[in-house]
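4 protein chains.
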Amino acid sequence: MFSGTGKLSVGTGPVRTGVTAILPHGGNIYQDRPCAAAHIINAYGKSTGLPQIEELGHLETPVLLTGTLSVWNVSNSLVDFVAQENSELGSVNPVVGECNDGYLNDILGRHVRTEHVLNALNSASDSDTSEGNVGAGVGMTGFGWKGGIGTSSRVVAVEQGNYTIGVLVLTNTGSSEEFRIDGIPVGRELTPQSLQEADGSIMIIVATDAPMASRQLGRIARRAGFGLARAGGTVSHGSGDFVIAFTNGHRISSTGLRSCSLSGFLPEPQLSRFFQPLSPRPKKPLSTLF
Amino acid sequence: MFSGTGKLSVGTGPVRTGVTAILPHGGNIYQDRPCAAAHIINAYGKSTGLPQIEELGHLETPVLLTGTLSVWNVSNSLVDFVAQENSELGSVNPVVGECNDGYLNDILGRHVRTEHVLNALNSASDSDTSEGNVGAGVGMTGFGWKGGIGTSSRVVAVEQGNYTIGVLVLTNTGSSEEFRIDGIPVGRELTPQSLQEADGSIMIIVATDAPMASRQLGRIARRAGFGLARAGGTVSHGSGDFVIAFTNGHRISSTGLRSCSLSGFLPEPQLSRFFQPLSPRPKKPLSTLF
Amino acid sequence: MFSGTGKLSVGTGPVRTGVTAILPHGGNIYQDRPCAAAHIINAYGKSTGLPQIEELGHLETPVLLTGTLSVWNVSNSLVDFVAQENSELGSVNPVVGECNDGYLNDILGRHVRTEHVLNALNSASDSDTSEGNVGAGVGMTGFGWKGGIGTSSRVVAVEQGNYTIGVLVLTNTGSSEEFRIDGIPVGRELTPQSLQEADGSIMIIVATDAPMASRQLGRIARRAGFGLARAGGTVSHGSGDFVIAFTNGHRISSTGLRSCSLSGFLPEPQLSRFFQPLSPRPKKPLSTLF
Amino acid sequence: MFSGTGKLSVGTGPVRTGVTAILPHGGNIYQDRPCAAAHIINAYGKSTGLPQIEELGHLETPVLLTGTLSVWNVSNSLVDFVAQENSELGSVNPVVGECNDGYLNDILGRHVRTEHVLNALNSASDSDTSEGNVGAGVGMTGFGWKGGIGTSSRVVAVEQGNYTIGVLVLTNTGSSEEFRIDGIPVGRELTPQSLQEADGSIMIIVATDAPMASRQLGRIARRAGFGLARAGGTVSHGSGDFVIAFTNGHRISSTGLRSCSLSGFLPEPQLSRFFQPLSPRPKKPLSTLF
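Protein chains in written order, with this note's numbering: chain Z, 1 to 290; chain F, 1001 to 1290; chain V, 2001 to 2290; chain S, 3001 to 3290.
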């Protein structure tokens, strides 16, 4: 969403915001629930749905990302989406993350509406995963420059097979002097320096198809901040930094009458392979995926 | 809110729901923030705002309670309320708790609107603290019978002075056979037994004026479930049971440029006095306040 | 251990202490590890080994209980026991809980030695599960009276089969006026009242054979305090109250090269059956097991 | 401690281990307790005393570091030290961290004894803070090379005054190919590559004199892993990575009858200054202190 220019007028604009939808798989998420975990690096943030993920160990909706003050409208719209697919819905735990786009956007105007949410959910596809200045990324900054949505992934080969692990970030964090690329402090050499302060936020969504229990996904999630550190982030006081990790390789049905049919989870030591590959020259370890 | 009778029709009714507002003090909560803590007994619930309470140790809005699927609309309406009082609002953490009123109410219709929220906030007073079948309590059940809102409080005398501790609950939990009054298992003697299952939820809000740090309030919050246990609750799988504790005796300003002016917090051992009075016949310990 | 009378002399006596061993199964626990979880009600305590249980979701040693200041010597002796059975041991996480027996015992003398630990471990059996004033229970009090070790169990019938859940407690908590039996406040009628203050501790060990993930065992563990509440406990400031839950129905090998061979975990809603039976007259729900 | 050469013989040697003592101040720590917090990055570790730090928000002993399997003997010896200074000691929470020195040392021999512990505690001084291959560092490796003890500190100027923040690490973590210096991946260029695997551990102790509440120290502690990330760490499955943060700027007495006499804690936004200085060229931010 992009409209208007000039000085901010609450309720009018300029509008620089949006919503990004992450559908773990192409089916009905409410009925076929990916195991999941959440981790909070710094809880100065308003994400919805995280406590229930921790208790039950799974998602029951797609994950949406948006601007901070739109998080509740977007959560409510996500209920509409789930209700369309599931009659007699009496309870659901929408999961929505946010970063503060108030530097570029009329944030208090809360311009993301149900139609935008449903459109993002219905138009999500495998083939077109746009990055950069799209969706929730439209209003974001990053390390003092224009921020947005980014993704990366790699394949991990373990005894049980080859699995993919990927990360999507909505970045709105950091100051330009802190900025690093894979650890190299390039930001302090960039001119002109941005005047924006470091406060912001980052949402990190980790997805895999490996057969992992929610406890194991929690271990993955707790390492996601290491990538942020190598990008220069220091998680300032006002930065709301949340991680959600899920797997399609271990799902739970909504009825609760059956459980996972997998032969078993990955042995614990093999998780290190997901934290960091053991090849001599790691190209894209989890911790540098963005 | 009460309208309609007969069979449920989504979006129409019957409507048996509402919203309850808890204002820690009569001033501007966003600017004069009570220290606070949250505790989750069972996180099968959708309450908003809890992670930031844990990170920063304070509230920055009143606490609202409502039915489960209205929690996001009510959170969004609470932003409207705070924005009315605080110009140029760019971020705020609304705190809204919920229980599932879907047994009596057209829950998916989400009938609580901004006007109801603002009315609850503007009409809250010291003098009229209605209990029972009011506000968010309208759609609730409790131990198989009609539930609702209840409160209790007592005075704790410690060396530093006399302080009050009170509890407000929104109860929607338990089965009739489990029901106890101060530990006495009266529910199993009641006839007829309710047919309703135990799944439900409870919101427990603890308020005090004692000078406590957020860590100390967390210790209070973690004991609130003991009162639920004595009322017969067993926190079934689907019961979302959340505790929020705050104090007016220790506040933080919104600017962050000054901190609390108190001479100091209560010594740790005196907290036991708030958990349970040491008088020979405790009439209303925290753990039996409801 | 019981020796000496009269006034306490540090390093000499009187000695009223001991150690209690809980062996999840008859095999080598270090190689065949029961899934487990821990929960801390009040962390004024010195139990060892709990963080690693939370991270990895299993036990790798038996669980020992003793007096507070013996917890480190007993942990070290438990390493000796595991090393006897497992050559080339380079790391192990001994799990030892404690309550403070300083009211009856020369606690600073730390009279529990490796020989006592090995004896407890080697003499543990299915047939003789002594209760009361035995093992670690020798130095304990409870609700102002003589405390000790107690156990209880029941069978839970779910779709997948019949499973047993049991609780062992080492109780050293509560004041006599608080004491309740299944919620009934009998303590305040007892004369003479004890002069002892409520500070103390309780260790609660929950064991089952149901196929549960560590996350599910965590849900069980977080409800164990409800039984304490019904026994009158209010968890005073100085009471260290810890819960460890494990299952023999889901084990992990030490090599990490294979995982559980179970067909699957219990569906989440069936956990409520373990929290509280649904029979009209629950005789021994989890929350009143002691 | 350094004795013996050649092949490992359990109970004999070679011995390459030791103990390091961190005394927050020169007084009686048990009576004059620094506020503190703990954070666990990966809980595959055996550190003692952390749960009570989290509950009560302070230290009551010095912090000791040693090899993994000596952690319980060292904890017990620390009780001896505290008992010497405090008569009638009935309870104390020794805090001891560890890394696994089993690659260089006869770890199961547990060669650190009470005399070594008392010597470390009694010989600690402001003037001689040796680094490198000393104390607990003797048996450690780091990123495939010889590891040990390291420290760094800097001064943070905020409105309330100038405060110092320092970090001491016991490092035994990482593989050589991962190794980075302030983010620069130099390790992959080093030859020969080490054959040692990445599993290990790290203990990070953060000390300051700023007036902070334990909740604020927790925020500091949760950022310490960012420095590890910039040094190349990825926290493999078997790495036990623990953080303890304390301040001398906010203390609690052992009697509990008085609390801190400070005028107040630092305002929350100023904590960012402790996470990362705002100067154009940060020389030693918290996250690169080691």
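Note that the Cβ used here is the ideal one computed from N, Cα and C, for glycine as well.
For S/F3246, there is no enclosing alpha helix (DSSP H); the enclosing beta strand (DSSP E) covers residues G3240 to S3253. Remark: C-beta atoms of Z/G174 and Z/G233 approach each other more closely than 7 Å.
Looking from the CA of V/R2219, the closest CA among F/A1036, F/S1239 and F/F1143 belongs to F/S1239.
For the 7 Å CB-CB criterion, Z/Y30 and Z/V82 form a contact.
Inclusion of V/T2061 and V/L2078 in the CB contact set at 7 Å is warranted, their separation being smaller than that value. Annotation for F/N1119: the continuous alpha helix (DSSP H) segment containing it runs T1114 to S1123. For Z/H237, the closest Cβ of chain S is nearer than 7 Å. Boundaries of the beta strand (DSSP E) harbouring V/P2034: D2032 to A2043, taken from the DSSP string. Between V/Q2052 and V/N2093, the C-beta gap is smaller than 7 Å, which places the two residues in contact. Listed in chain order, the positions of the region 37-59 of chain Z with a beta carbon within less than 7 Å of a beta carbon of chain V are L56 and G57. Taking a contact as a CB-CB distance under 8 Å, the pair S/D3080 and S/T3048 does not count as one, their CB atoms being some 15 Å apart.
Here F/Y1163 is bridged, per DSSP, to F/V1156.
By the Cβ-count criterion, S/K3046 is buried, with 16 or more other Cβ atoms from all chains shown falling within 10 Å of its own Cβ.
Here S/I3220 carries a helix assignment [DSSP, helix/strand/coil].
Its chain contains G3238 and G3240 as the residues whose beta carbon lies nearer than 6 Å to that of S/Y3044, once the 5 sequence neighbours on both sides are disregarded; these appear in chain order. Look at Z/G183: its C-beta is under 7 Å from a C-beta on chain S. Runs of the alpha helix (DSSP H) spanning 4 or more residues and lying entirely within the region 3066-3092 of chain S occur at 3071-3085, in chain order. Residues are counted here when their Cβ sits less than 7 Å from a Cβ of chain V; for the region 3068-3092 of chain S these are T3068, L3069, W3072, N3073, S3075, N3076, V3079, A3083, L3089, G3090 and S3091, given in chain order. Cβ-Cβ separation between S/C3035 and S/F3246: approximately 7 Å, consistent with a contact (criterion under 8 Å).
The Cβ-Cβ distance between V/V2167 and V/N2042 does not fall below 7 Å. For Z/I205, the enclosing beta strand (DSSP E) has its first and last residue at S201 to T208. For S/E3055, the enclosing alpha helix (DSSP H) begins and ends at L3050 to L3056. Going by C-alpha positions, F/M1140 is about 42 Å away from V/T2191.
In this structure, the beta-carbon distance from V/V2155 to V/I2204 does not fall below 7 Å. Counting along the chain, the unbroken alpha helix (DSSP H) around Z/R273 starts and ends at L271 to F275. For S/A3157, no chain F residue has a Cβ inside 8 Å of its Cβ, as the nearest lies near 16 Å away. Using a CB distance cut-off of 7 Å, F/R1016 does not count as an interface residue toward chain S. In this structure, the alpha-carbon of V/A2124 lies about 51 Å from that of Z/H25.
In this structure Z/N28 is exposed. Its beta-carbon is surrounded by fewer than 16 other beta-carbon atoms within 10 angstroms. In chain V, no part has a C-beta under 9 Å from the C-beta of F/R1215; the shortest such distance is about 11 Å. Annotation: F/V1117 to F/I1244 spans about 20 Å, alpha carbon to alpha carbon.
Relative to S/H3058, the option among F/G1097, F/F1242 and F/R1215 whose CA is nearest is F/R1215. Residue burial annotation: Z/G90 is exposed, with fewer than 16 other C-beta atoms found within 10 angstroms of its C-beta. For V/T2020, the enclosing beta strand (DSSP E) starts and ends at V2019 to I2022. The secondary-structure analysis by DSSP pairs Z/E98 across a beta bridge with Z/T66. F/L1170 sits in a strand when the DSSP states are folded into three classes.
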